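J.: Here the sequence shown is numbered in our numbering, starting from 4 and rising by one per residue.
All C-beta atoms in this analysis are idealised placements derived from N, C-alpha and C, irrespective of residue type, glycine included.
Since the structure is predicted, the reported quantities are computational estimates derived from the model, not experimental observations.
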Amino acid sequence: MGLEAALPAEGFITTRLQKVINWARRSSVWPMPFATACCGIELMATASSRYDLARFGAEVMRFSPRQADLMLVAGRVSVKMMPVLQRIYQQMAEPKWVVSMGACASTGGVFDTYATVQGIDQYIPVDVYVPGCPPRPETLIEGIMAIQRIIDEDGIPPTGPDGLRQPLGVVVEPTYTPLPQPVPLTVGAN
Ligand code: SF4
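Laid out in structure tokens, this is it:
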């Protein structure tokens, strides 16, 4: 990892164990993608080469809660699907965090219908809300970095006096400036 080059031979460093654990944990966040709609495509783009989520150590996505510690809900969730989401959340290892990606996951978005959950935070604790319809990959990365900062500072998520997990409810802001539309065409120009 380059550390050995920075240290003299037979050298040693001192630190707190909690700091090392937090550093390891924040550098290897393991997402559990719960992508149900168009936001899922942006999630795929975030993991792909242009945005390269691997830079944050968070590119390992398997559709299993076994090792996952970051639930990424991307897209609308129907009432019928909610028990599945809850079960997967409960099966994930502790400590775990939740990102609500996009307007649909956070509020139901434009789907103001009886069949769509009007915000997943009614059923599971949401730590970071990523706004947009869909959020751009930069904004999702901002949300994942917010989780990393939370891990750096606190290590484990807070619980209330009743022992239940407390949602952190952090909201990230878009970090990009939209281009004016329409953008000039460049492909195939003479
Ligand atoms: S927030 Fe927009 S982009 Fe995301 S799932 Fe809903 S409609 Fe699709």
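Specify whether the segment 23–30 and the segment 145–159 touch according to this definition: at least 3 beta carbon pairs, one from each stretch, less than 8 Å apart.
T.: The segment 23–30, when compared against the segment 145–159, does touch it at the 8 Å Cβ threshold.
J.: Go ahead and pull the three-state DSSP assignment for A106.
T.: As a working mapping, residue 106 is identified with position 103 in the sequence shown. Three-state result, A106: helix.
J.: If you follow the beta strand (DSSP E) that P34 is in, where does it begin and where does it stop?
T.: Position 31 of the sequence shown, counted from the first residue, corresponds to residue 34. Here the beta strand (DSSP E) through P34 covers P34 to A38.
J.: Does at least one heavy atom of the ligand SF4 sit under 7 Å from the Cβ of R139?
T.: Position 136 of the sequence shown, counting from 1, holds the residue named residue 139. For the ligand SF4, not one heavy atom lies less than 7 Å from the Cβ of R139.
J.: Within this structure, are the beta carbons of G122 and V133 separated by less than 8 Å?
T.: Numbered from 1 along the sequence shown, position 119 holds the residue referred to as residue 122. Numbered from 1 along the sequence shown, position 130 holds the residue referred to as residue 133. No, the Cβ-Cβ distance between G122 and V133 is not below 8 Å.
J.: On a CA-only basis, which of V82, T180 and V76 is nearest G105? Give me that one, please.
T.: Taking the sequence shown and counting its residues from 1, one reaches residue 105 at position 102. The candidate whose alpha carbon is nearest that of G105 is V76.
J.: If I follow the unbroken alpha helix (DSSP H) through M148, where does it start and stop?
T.: Here residue 148 refers to the residue found at position 145 when the sequence shown is read from its first residue. That run of the alpha helix (DSSP H) goes P140 to D157.
J.: Residues in its own chain within less than 6 Å of S30 by CB, not counting five upstream and five downstream?
T.: To locate residue 30, count along the sequence shown from 1; it is residue 27. Excluding sequence neighbours, S30 sits near G60.
J.: Ignoring anything shorter than 3 residues or poking outside the segment 69–93, list the beta strand (DSSP E) runs there in chain order.
T.: If we require 3 residues or more, the beta strand (DSSP E) runs fully inside the segment 69–93 come out as 73–77.
J.: Tell me the DSSP bridge mates of Y132?
T.: Reading the sequence shown from its first residue, position 129 is the one you call residue 132. DSSP lists S103 and V174 as partners of Y132.
J.: Just mark E97 as buried or exposed, buried being the case when its beta carbon has 16 or more other beta carbons within 10 Å.
T.: The sequence position of residue 97 within the sequence shown is 94, counting from 1. Exposed is the call here.
J.: Along the chain, where does the alpha helix (DSSP H) that runs through Q21 open and close?
T.: Here the question's residue 21 lines up with position 18 in the sequence shown. Element bounds for Q21: L20 to R29.
J.: Can you say whether I150 is buried or exposed, counting buried as having 16 or more other CB atoms within 10 angstroms of its CB?
T.: Start at 1 with the first residue of the sequence shown, and residue 150 comes out as number 147. Burial call: buried.
J.: With hydrogens ignored, establish whether the beta-carbon of R152 is closer than 7 Å to any heavy atom of the ligand SF4.
T.: As a working note, residue 152 is residue 149 in the sequence shown. Outside the cutoff, so no.
J.: In whole angstroms, give me the CA-to-CA distance for D55 and E62.
T.: One-based indexing of the sequence shown puts residue 55 at position 52. One-based indexing of the sequence shown puts residue 62 at position 59. If you take the alpha carbons of D55 and E62, they lie about 8 Å apart.
J.: For the ligand SF4, is there any heavy atom lying closer than 7 Å to the beta carbon of G112?
T.: Position 109 of the sequence shown, counting from 1, holds the residue named residue 112. Under cutoff, so the answer is yes.
J.: Within 10 Å of its beta-carbon, does A38 have 16 or more other beta-carbons around it, so buried, or fewer, so exposed?
T.: For this step, residue 38 is matched to residue 35 along the sequence shown. Burial call: buried.
J.: Excluding five sequence neighbours on each side, which residues of the same chain lie with their C-beta closer than 6 Å to the C-beta of Q70?
T.: As a first step, residue 70 is located in the sequence shown; it is residue number 67 there, counting from the start. Closer than 6 Å at the Cβ level, and outside the excluded window around Q70, lie W33.
J.: Which first and last residues belong to the alpha helix (DSSP H) in which M47 is found?
T.: Mapped onto the sequence shown, residue 47 falls at position 44. Residues C42 to A50.
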